[in-house]
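Taking my numbering, the leading residue of the sequence shown gets 2, the next gets one more, and so forth. Beta carbons are placed, not taken as given, at the ideal position from N, Cα and C, and that holds for glycine. Predicted, not measured: the structure shown is a model, and the values here were computed from it. Each remark here refers to the structure printed beneath this line.
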Amino acid sequence: MELRLETLVVPTDLSDVGDAAIDVAFRLAADHGARVVLLHVVESGPTPNPLYAHYFPTPGPEDVERASKAVEEALRERVPAVLRERVPHETHVVLGEPAEEIVRAAEERAASLVVLARSRRSALARLASRSVAERVAERAPCSVLLVR
C-alpha cells in the first residue's frame, strides 16, 4: 500500500511540546510534495453562569483580530527556515474545542495525515480524561501520526 501525502494538518498549542510535530510534518511534506496546514485552536472557555457576576471583560472584534494576527505570526515563525520556500503552507487560527476543531480542519481540507504532538501525562490525568491526541486519533477522517 502506497502512502500518498497531499495535505498535512498540524495543530500546535504554541508550546515546545506542541511544536514538536512541526519539524516532522514539514520534512514529510518536503519528501512527498505535500502542503502543510498549521492550526492553532483557541480553546473557548466555559459558558458563563448567568447567576453569578462576571468580572472578565468581553473582548471586542478588534481584540480578537489583533490576537489572531499575533498567533498567525507565531505560527509562521515556527516553520523551519530551510523548508519555508520548499513546502507550501498556510496558517489558521480557530476558536473552539481543540479535538473537534482539529478533526473539522482535517475533514474540510481532505487531509491525508494529521501530525500531532503528544505530551506525557500522568496516570491520574489519563484516568481522568482522554487527551486531545487520543480523541483526534479516534475521530479523524485520516491517519494520525503522534510525535513525542
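Buried or exposed (CB count within 10 angstroms, at least 16 for buried), residue i
{"i": "residue 113", "result": "buried"}
{"i": "residue 12", "result": "buried"}
{"i": "residue 65", "result": "exposed"}
{"i": "residue 4", "result": "exposed"}
Opening and closing residue of the beta strand (DSSP E) in which residue i lies
{"i": "residue 7", "result": "First-last for residue 7: undefined, no H or E at that position."}
{"i": "residue 136", "result": "Per DSSP, residue 136 belongs to no beta strand (DSSP E); it is in the alpha helix (DSSP H), 133-140."}
{"i": "residue 40", "result": "36-44"}
Range of the contiguous alpha helix (DSSP H) that encloses residue i
{"i": "residue 106", "result": "99-109"}
{"i": "residue 65", "result": "62-78"}
Euclidean distance between Cα positions of residue i and residue j
{"i": "residue 20", "j": "residue 78", "result": "11 angstroms"}
{"i": "residue 9", "j": "residue 34", "result": "11 angstroms"}
{"i": "residue 132", "j": "residue 16", "result": "16 angstroms"}
{"i": "residue 100", "j": "residue 67", "result": "24 angstroms"}
{"i": "residue 144", "j": "residue 29", "result": "14 angstroms"}
{"i": "residue 26", "j": "residue 37", "result": "7 angstroms"}
Local conformation of residue i per DSSP, three classes
{"i": "residue 29", "result": "helix"}
{"i": "residue 88", "result": "coil"}
{"i": "residue 22", "result": "helix"}
{"i": "residue 82", "result": "helix"}
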